[in-house]
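Chains A and B are the protein sequences, given in the same order. Per numbering that gives the first Met the number 0, the very first residue in the first sequence carries number 0; after that it's consecutive. Per numbering that gives the first Met the number 0, the very first residue in the second sequence carries number 0; after that it's consecutive. Here is the structure we will look at.
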Amino acid sequence: MHRPGRWMIWVALAAAIALPLGLAAQSPLLAYRSPVYITAGFAGIVAMALLLVQPLLVGGYLPGLSGLRGRRVHRLFGAGLVLAVIAHVAALWVTSPPDVIDVLTFTSPTPFSVWGNVAMWAVFAAALLAVLRRPLRLRPRIWRKAHTALAGVAVLGCVVHAVLIEGTMEPLSKIGLCALAVVATVWVLRDRRIWTPRATSR
Amino acid sequence: MTTPLFTRRALCAMGAATLVTGLSGLIVPARAQGVAPTRSMRGGSNNYRPGAPIVERIGGGGFWMTGTVRRAGDGAPLAGQRIQVWAHTTEGHERDPQSHGATLSDAKGEFRLEMPQIVPAFGQPHGHLAYDSAEFKTVFLRPVMPSSSDTTLHADFVLEPA
């Protein structure tokens, strides 16, 4: 049955994503950056936003996108997340190759780059696991634990990476988006009892 | 009513701290052990342009990069040493040639070069400095500004013979 007010979730989600994006678009730093560098920053914000949407989709919390439909969009957005991360790193590479090489080789002086690098590989690994779901023929529970563990590392890494960075994102909206992504991830893990004993085991 | 300058607890803590540091040798008199050479910082050489010209000022100015150049061991000031400075500023990216310029240290081993305001890039407001001439070993520095609203940044070089 259609419950009134459920569309509010969509409004809240749209606001949670549009606000940090909109505020970043007002950043004074943009005036001193080339289009490629600006693209790199926004690809990062999009990736962050997708990390908020992904658990909501797979948990079936978004009205109209529950169950199988939610999972299908989760897969699609997972591919989008991989592309956003690639765009982020590639555009940074074009902006300053040596800085990106330092990050990829874990020799960067910046404390946040390690987190970004780890998050990137966690995103790739989680996506790879999704692609290889059938050929691997893992037991569903094992697969789910592996995929969510990687997703958790991706969210944590991305959040610390973003919070430590002084960039185009407005600080408060950045922390808000990060907090929501963490809450959504923890929520779906608890709700789906992926890491906690199932009710049947009691 | 008067407020005591120190509470009894604070006084005890201070006394204990003084005893501990004094007895354990944490407080030692300054000894002349020689000035250690500055080591290159991670990522310091990123986007370096060998042979960037000596300039009066980089771009429109408004921001000051300052520093000193001394000799390892005795710490004597080194005059006439060429220091290259570059950063992501309001006028260009780190890679851009116009973001680079060099200056020479004076008789007191000090240098200062005016440049456009440094803005955060790659997550931190930071500058780059290089000593890369033949006489001493090459040193690349990458100091980070405590605040991106700062209008000056300082870096010290202690060089050892090549």
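Built from N, CA and C at the ideal position, the CB exists for glycine as well. A quick note: this is a predicted structure, and the numbers were derived from the prediction, not measured.
Mapping DSSP to helix, strand and coil, what is residue i?
i: Asp-190 of chain A; result: helix
i: His-87 of chain A; result: helix
i: Val-33 of chain B; result: Correcting the residue identity first, residue 33 of chain B is Gly in this sequence and not Val. Residue state, collapsed to three classes: coil.
i: His-125 of chain B; result: strand
i: His-87 of chain B; result: coil
i: Met-0 of chain A; result: Reliability fails at Met-0 of chain A, whose pLDDT of 47 lies under 50, so the model's placement of it is uncertain and the value that follows must be treated cautiously. Correct three-state label for Met-0 of chain A: coil.
i: Ser-200 of chain A; result: Residue placement at Ser-200 of chain A cannot be trusted, given a pLDDT of 45 that sits under 50; what the coordinates show is reported in the next sentence. The answer is helix: DSSP assigns Ser-200 of chain A an H, G or I state.
i: Phe-139 of chain B; result: strand
i: Val-182 of chain A; result: helix
i: Arg-71 of chain A; result: helix
i: Arg-69 of chain B; result: strand
i: Ile-53 of chain B; result: strand
i: Arg-8 of chain B; result: helix
Find the residues of chain B that neighbour residue i, judging by a C-beta separation of less than 7 Å, and give them in chain order.
i: Thr-184 of chain A; result: Within chain B, no residue comes near Thr-184 of chain A; the closest Cβ sits about 23 Å away, beyond 7 Å.
i: Phe-41 of chain A; result: What Phe-41 of chain A touches in chain B: nothing, since even the nearest Cβ is about 15 Å away.
i: Ile-164 of chain A; result: Gly-122
For residue i and chain A, any beta-carbon pair shorter than 8 Å?
i: Pro-145 of chain B; result: no
i: Gln-80 of chain B; result: no
i: Thr-89 of chain B; result: yes
i: Gln-97 of chain B; result: no
i: Glu-93 of chain B; result: yes
i: Met-114 of chain B; result: no
i: Phe-121 of chain B; result: yes
Work out the CA separation of residue j and residue i for me, nearest whole Å.
i: Val-159 of chain A; j: Asp-95 of chain B; result: 30 Å
i: Val-137 of chain A; j: Leu-128 of chain A; result: The sequence shown places Leu at residue 137 of chain A, rather than the Val named in the question. Taking the straight line joining both Cα atoms gives about 10 Å.
i: Ile-164 of chain A; j: Pro-196 of chain A; result: 37 Å
i: Val-118 of chain B; j: Leu-82 of chain A; result: 28 Å
i: Ala-150 of chain A; j: Ser-95 of chain A; result: 28 Å
i: Ala-125 of chain A; j: Ala-145 of chain A; result: 8 Å
i: Arg-189 of chain A; j: Cys-157 of chain A; result: 21 Å
i: Ala-90 of chain A; j: Glu-93 of chain B; result: 15 Å
i: Val-162 of chain A; j: Met-47 of chain A; result: 11 Å
i: Ala-118 of chain A; j: Leu-103 of chain A; result: 12 Å
i: Arg-68 of chain A; j: Met-40 of chain B; result: 51 Å
i: Leu-55 of chain A; j: Ala-180 of chain A; result: 9 Å
Mind checking which residues open and close the alpha helix (DSSP H) that includes residue i?
i: Gly-115 of chain A; result: 112 to 130
i: Arg-140 of chain A; result: 139 to 163
i: Phe-41 of chain A; result: 34 to 57
i: Asp-98 of chain A; result: 96 to 103
i: Met-7 of chain A; result: 6 to 23
What does residue i touch in chain A if you count any residue whose Cβ is under 9 Å from its own?
i: Glu-55 of chain B; result: Chain A residues near Glu-55 of chain B: none, gap ~23 Å exceeds 9 Å.
i: Pro-142 of chain B; result: Neighbours of Pro-142 of chain B on chain A: none; closest Cβ ~10 Å, over 9 Å.
For the beta strand (DSSP E) that residue i lies in, which residues bound it at each end?
i: Leu-77 of chain B; result: Per DSSP, Leu-77 of chain B belongs to no beta strand (DSSP E) and is neither H nor E.
i: Leu-61 of chain A; result: Note, Leu-61 of chain A: premise wrong, no beta strand (DSSP E); not H, not E.
i: Thr-151 of chain B; result: 151 to 158
i: Ala-101 of chain B; result: 99 to 103
i: Met-40 of chain B; result: Segment: none, Met-40 of chain B is in no beta strand (DSSP E) and carries neither H nor E.
i: Arg-111 of chain B; result: 109 to 114
Quick one: list the residues of chain B neighbouring residue i, beta-carbon separation under 8 Å, in chain order.
i: Pro-170 of chain A; result: Result: empty, since nearest Cβ-Cβ is about 12 Å, beyond 8 Å.
i: Leu-103 of chain A; result: Per Cβ cutoff of 8 Å: no residues; Leu-103 of chain A is ~13 Å from chain B at best.
Give the interface partners of residue i over in chain B, defined as CB-CB distance under 9 Å, in chain order.
i: Ser-33 of chain A; result: His-92
i: Ser-107 of chain A; result: Arg-41, Gly-42 and Phe-121
i: Asp-98 of chain A; result: Gly-42, Asn-45, Asn-46, Glu-93, Ala-120 and Phe-121
Mind pulling the chain A residues with CB within less than 8 Å of residue i?
i: Pro-118 of chain B; result: Correcting the residue identity first, residue 118 of chain B is Val in this sequence and not Pro. In chain order: Leu-28 and Tyr-31.
At the 8 Å Cβ level, is residue i part of the contact set with chain B, yes or no?
i: Pro-202 of chain A; result: For chain A, the structure presents residues 0 to 201; residue 202 of chain A sits outside this window and is missing.
i: Thr-38 of chain A; result: no
i: Ser-95 of chain A; result: yes
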